[in-house]
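Quick note on this note's numbering: the sequence shown kicks off at 10 and runs consecutively.
Notes follow the structure.
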Amino acid sequence: MSLQTSVSLPLPRRPLPDSCHFELLDVSALQDPSSGRIVHLYSMVARCLSCEVVFNAREGEGFVSTSAARLLRCPTGCGEQSLKGAALRQWRAVGVCGT
């Protein structure tokens, strides 16, 4: 008689659809100068387009990095949006000369 029970493994999670959208106001990142690839994302300042709150997001406090994207979450809990690396590499501050 076997007393072992089977352990069910969690199913792979599919990314949830974006439930919110944000305007990026500032991005602080270390980028590879030759490719533009983001080596490390320090922080993002964003405005939630649902509730209009402006916040500073850091890893684990406002955004989470995954292998495919960064998941940005509104601190008020109204939603989240996944941001791919290409979108962050192409980000430029609006109204700044020379960009």
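Just so it is clear, CB atoms sit at the ideal spot from N, CA and C, and this is done for glycine as well.
Here the structure is a predicted model, which means the values were calculated and not measured.
Quiz item: At which residues does the beta strand (DSSP E) containing ARG79 begin and terminate?
Solution: Counting from 1 along the sequence shown, the entry for residue 79 is found at position 70. First-last of the beta strand (DSSP E) with ARG79: 79-82.
Practice problem: Report whether the distance from the Cβ of ASP27 to the nearest heavy atom of the ligand NAP is below 8 angstroms. | Solution: The ligand NAP is absent from the structure shown, which contains no ligand whatsoever.
Quiz prompt | Completely contained beta strand (DSSP E) runs for the segment 26-102, where each covers 3 or more residues | solution = 31-40, 47-57, 63-68, 71-74, 79-82, 89-92
Quiz item: If you count every other CB in all the chains shown that lies within 10 Å of the CB of LEU39, and 16 or more means buried, which is it?
Solution: Indexing the sequence shown from 1 puts residue 39 at position 30. Exposed, by the Cβ-count rule.
Practice problem: Closer than 6 angstroms by C-beta to VAL73: which residues in its own chain qualify, once you throw out the five before and the five after it? Chain order, please. | Solution: Position 64 of the sequence shown, counted from the first residue, corresponds to residue 73. So the qualifying residues of the chain are LEU80.
Practice problem: For SER59, I'd like the list of residues in its chain whose CB is within less than 8 angstroms of its CB, leaving aside the five on either flank, ordered along the chain. | Solution: The residue you call residue 59 lines up with position 50 of the sequence shown. For SER59, where only same-chain residues beyond five positions count, the Cβ hits under 8 angstroms are CYS29, HIS30, CYS83, CYS87, GLY88.
Practice problem: Determine the closest residue to THR75 out of CYS57, ARG56, HIS49, ASN65, with distance taken between C-alpha atoms. | Solution: Within the sequence shown, numbered from 1, the residue matching residue 75 stands at position 66. For THR75, the nearest C-alpha among the options comes from HIS49.
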